[in-house]
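What follows is one structure encoded as structure tokens, with my remarks underneath.
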Amino acid sequence: MHILLVNDDGPPSEQAPYLLPFINTVESAGHLLSVVLPSSQQSGAGKSHSISEEVTATPVWLKREDTIYAQLHPWFFLDATPASCVQIALGHLLKDRPEVDLVLCGPNLGCSVSALYALSCGILGAASEATLCGYRSIALALSLPRDPGNLEETLEMCKHAVQVIERLYEDADWETNIMYSVNIPSLVGLAREIAWTSIYNNSWQKPQSFEELEPVAKKEKYEDTTDDRVGDSVDAERTFKWVSRLDVVVEENKDAPEGTDAWAIHQGKTSITKINANYMYMTGM
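Quick note: the sequence shown, position 186, residue 186 per the UniProt record's numbering, numbers continuous.
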């Protein structure tokens, strides 16, 4: 099948270590792959779009030693969110290629389990965009490696991922606006038990995703605003920086209810979650 691959971690790097091994595994299974990636880290982009600036699509030919098979087409790097990469790829970049059969969003570095991750995750946002464009889509996330230098561990996760993706494409329910989230644990040499799950409905105990940096006192004039109500800023600016509270969420996920995605990963099971790509309404008050 022809697979469009979009991730949220960007080009091959320490932040996207699974990308090249996974691409080689997919192509070794006989699939045609088109690769369209954000040019920078977009993990928290969700389903947002690049609406305030022009987007440049840069064609890229990889070094031959980076891939098993010679590239038939260039990759594209876009200065855009994952969801925008999907829109631009499907609408403009692949017209010289066969029809896309599946949009595969990932592989993400680290599992995207529980509501805290799923609702902001770039690969789930990209998969939602593809689904709403009428394409089958799967968001794929692989656990952080237990041994970052263990290529065997990476290849086993990649091979298992391809098997799951192929099975879902052939046998899953693909009614309108349905997509799938697949999360794979890092357990080398063990049988891959699969659990059909729901998203663990967790929440922050308190707002803690940003930390405040040391203040810098300066006076600033807001030159670019047309709002007459805005004058001089005479107080010290306050600066904040995103901090990943991965440890907090992972610790809480250990107590996730049975049948949820977080529970499955902690049990060493591959989690598959069937998702309707909308904000599902609830009846009643």
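Heads up, the beta-carbon is just placed ideally off N, CA and C, and yes, glycines get one too.
Span of the beta strand (DSSP E), counted from its first residue to its last, around residue i
i: M280; result: Element bounds for M280: n/a, residue is neither H nor E.
i: G106; result: L102 to L109
i: P185; result: Here P185 belongs to no beta strand (DSSP E), and DSSP marks it neither H nor E.
i: P98; result: Element bounds for P98: n/a, residue is neither H nor E.
Cα-Cα separation between residue i and residue j, rounded to whole angstroms
i: I275; j: L104; result: 15 angstroms
i: D171; j: S181; result: 15 angstroms
i: S186; j: R245; result: 21 angstroms
i: S198; j: Y169; result: 20 angstroms
i: P257; j: W263; result: 6 angstroms
i: S271; j: H49; result: 28 angstroms
i: H31; j: T25; result: 9 angstroms
i: N177; j: A277; result: 5 angstroms
i: C133; j: Q41; result: 24 angstroms
i: Q205; j: A83; result: 29 angstroms
i: T58; j: G259; result: 42 angstroms
i: D147; j: I184; result: 15 angstroms
i: K269; j: D261; result: 9 angstroms
i: A85; j: D255; result: Checking the sequence, you will find Cys at residue 85 rather than Ala. Cα-Cα distance, rounded: 36 angstroms.
i: P11; j: L4; result: 15 angstroms
i: L190; j: E166; result: 20 angstroms
i: L93; j: E237; result: 43 angstroms
i: W61; j: I123; result: 23 angstroms
i: F22; j: E54; result: 30 angstroms
i: D79; j: P38; result: 6 angstroms
i: E252; j: G149; result: 28 angstroms
i: L213; j: V248; result: 21 angstroms
i: T154; j: P107; result: 11 angstroms
i: I265; j: R192; result: 11 angstroms
i: L90; j: N201; result: 32 angstroms
i: G46; j: I138; result: 15 angstroms
Counterpart residues of residue i in DSSP-defined beta bridges
i: P59; result: F76
i: H49; result: None, per the DSSP bridge assignment.
i: S198; result: T260
i: S137; result: V103
i: K241; result: E211
i: L144; result: DSSP, once it has assigned bridges, lists no residue as partnering L144.
i: V36; result: F76
i: S271; result: N183 and A195
i: H2; result: L32
Residue i - containing alpha helix (DSSP H), residue span
i: V26; result: L19 to S28
i: W263; result: D261 to H266
i: L155; result: L151 to D171
i: S84; result: P82 to I88
i: E129; result: G122 to L132
i: L116; result: A115 to A118
Pick from the options that is closest to residue i, judged by C-alpha positions
i: I88; options: C111, A115 and I51; result: I51
i: E14; options: V113, L109, S39 and G44; result: L109
i: S209; options: A80, M1, G106 and F240; result: F240
i: Y18; options: N202, L78, W61 and S143; result: S143
i: S28; options: V162, P11 and R146; result: V162
i: M1; options: S34, L140, W174 and N202; result: S34
i: L20; options: A195, E175 and L151; result: L151
i: V6; options: P12, E166, V36 and E53; result: V36
i: V164; options: P207, D9, T273 and A45; result: T273
i: L102; options: A127, V243 and R192; result: A127
i: E211; options: W196, I265, E153 and W242; result: W242
i: A141; options: Y279, D173 and C121; result: C121
i: residue 290; options: A139, I194 and Y135; result: The structure shown does not extend to residue 290, since the chain spans only 1 to 285, so no value can be given for it.
i: S203; options: A195, V250 and M179; result: V250
i: F77; options: W196, Q267, T56 and P207; result: T56
(message) For the structure I just gave you, are there three or more beta carbon pairs, one from the segment 111-126 and one from the segment 148-163, closer than 8 angstroms?
(response) No, because fewer than three Cβ pairs between the segment 111-126 and the segment 148-163 fall closer than 8 angstroms, the two stretches do not touch.
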